[in-house]
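Quick note: the sequence shown uses the numbering used here, first residue 11, plus one each step. Don't be surprised by glycine CBs; every beta carbon is placed ideally from N, CA and C. Okay, structure first, notes after.
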Amino acid sequence: MNIKKIDDRFSTTGQINPGDIEALRNMGFVGIVCARPDDEEPGQPSFAQIESAARSAGLSAFHVPVSGPLTEDQIIRFHEAMASLEGPVLGYCRSGGRAGSLYATLDR
C-alpha cells in the first residue's frame, strides 16, 4: 500500500485487499471509504469482501463508487460517511485520486 496522508483526518491509497485491513487498523484508521466500483478491473476484491474484513476488525466501511464526474448523491453520501466517523479515515480507489476528489468536497 502506498498511503498518502492528506491531513490528520483523511488519507488515500490505491486498491486494498482484505488482508490489508488488520494493518490499517493497527495504523489507527477507524474507517474506510471505497470510491471504486465493483468489477472495474478483473481480480479486484469486491467491496463486500473489504467490508466484511473491515467489520471483523472493528472498522466501518462505506462504498461511494465513482466512475465519472462526481454527482451530488455521491458527495452527500461521502459527507454522511465522514460525519459518522471520528478518527482517521482511509479512502481508496484504483489510484486514490477519486477518493481524494471526494474528500476535497468537504470544503463545499
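Quick check: the Cα distance between residue i and residue j, rounded to an integer number of angstroms?
i	j	result
D97	N27	Reading the sequence as shown, one finds Gly at residue 97 and not Asp. Near 21 Å, if we compare the C-alpha coordinates of N27 and G97.
T115	A58	25 Å
Q54	T22	17 Å
D117	M37	26 Å
G110	V40	17 Å
Are there 16 or more other CB atoms within 10 angstroms of the CB of residue i, so buried, or fewer, so exposed?
i	result
A63	buried
D30	buried
M92	buried
S56	exposed
G68	exposed
G106	buried
S77	exposed
G108	The sequence given here places Arg at residue 108; Gly does not occur at that position. Buried, by the Cβ-count rule.
S66	exposed
S94	exposed
Write down the C-beta distance between residue i and residue j rounded to the nearest angstrom, noting that I regard them as a contact closer than 8 Å.
i	j	result
I13	I42	At roughly 12 Å, the Cβ-Cβ gap does not stay under 8 Å, so I13 and I42 are not in contact.
F20	Y113	5 Å
Pull the bridge partners of residue i from the DSSP assignment, please.
i	result
S70	G41
V76	For V76, which the question treats as bridged, DSSP gives no partner whatsoever.
L100	S21 and I42
For the stretch 64–82 against the stretch 39–47, are there 3 or more C-beta pairs whose distance is under 8 Å?
yes
Is it true that the stretch 81–89 meets the stretch 32–39, where meeting means three or more beta-carbon pairs spaced less than 8 Å apart?
no
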